[in-house]
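Report on the following structure.
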Amino acid sequence: MAAKVYVGNLSWNTTDDSLRQAFGDFGNVTDAIVMKDRETGRSRGFGFVTFNGNEEAEAAIAGMNEQELDGRRLRVNLANARPSGGGGGGGYGGGGGGGYGGGGHGGGHSGGGYGGGGYSGGGGGYNSGGYGGGY
């Protein structure tokens, strides 16, 4: 079963290819993507790497978390690790509960993210709290 890894604190210079190459030593990378701003095309500072299995993903987390890539210290964890109890959303314009403009808006700047819903995992992850309010 495929396992997706969240990679945060990416340099704006990191590309899909350099992300794939950096994580290739830990197993078969089936997908690597740096998330970009829709309007500017600039990196949003995080991405995802997908492996064939959980063992490869765990090895990548152990081997790459807190390591440097393109001059930045990475934060790496399982992308599927979301808090239970209806978490998600958050972030400016994120879908789900609590983004700017209310629940389920999905518009704005982040617009959901990779795989729908974007990453909004716990402890200090990207968009972990987000704006959370509304006007």
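Take the sequence shown: its position 1, counted from the start at 1, is 0 in numbering that gives the first Met the number 0, and no numbers get skipped. Where is the CB? At the ideal position from N, CA and C, for every residue including glycine. Given the structure is predicted, the values throughout are model-derived calculations rather than measurements.
Separation of residue j from residue i, as counted between CA atoms
i      : j      : result
Gln-20 : Leu-9  : 14 Å
Glu-54 : Arg-72 : 23 Å
Thr-39 : Asn-51 : 32 Å
Ala-56 : Asn-64 : 11 Å
Leu-77 : Ile-60 : 8 Å
Leu-68 : Trp-11 : 11 Å
Arg-74 : Tyr-5  : 8 Å
Leu-18 : Asp-24 : 11 Å
Arg-41 : Asp-16 : 15 Å
Gln-66 : Lys-35 : 22 Å
Asn-79 : Thr-13 : 22 Å
Asn-27 : Lys-3  : 12 Å
C-beta contact flag for residue i and residue j at 8 Å
i      : j      : result
Ala-7  : Phe-45 : It is worth fixing the name first, because residue 7 is Gly in this sequence and not Ala. For Gly-7 and Phe-45, yes; Cβs fall inside 8 Å.
Thr-29 : Ala-1  : yes
Integer Cβ distance of residue i from residue j, believed to fall under 8 Å
i      : j      : result
Gly-22 : Ile-32 : Just to set this straight, residue 22 is Phe in the shown sequence, not Gly. That belief does not hold up - the Cβ atoms of Phe-22 and Ile-32 are roughly 12 Å apart, past 8 Å.
Beta-ladder partner(s) of residue i, from DSSP
i      : result
Ala-2  : Phe-50
Asp-30 : Thr-49
Gly-7  : Phe-45, Arg-74
Leu-68 : Arg-71
Counting only runs of 4+ residues fully inside the region 33-66, write out the alpha helix (DSSP H) ranges in chain order.
53-63, all fully within the region 33-66.
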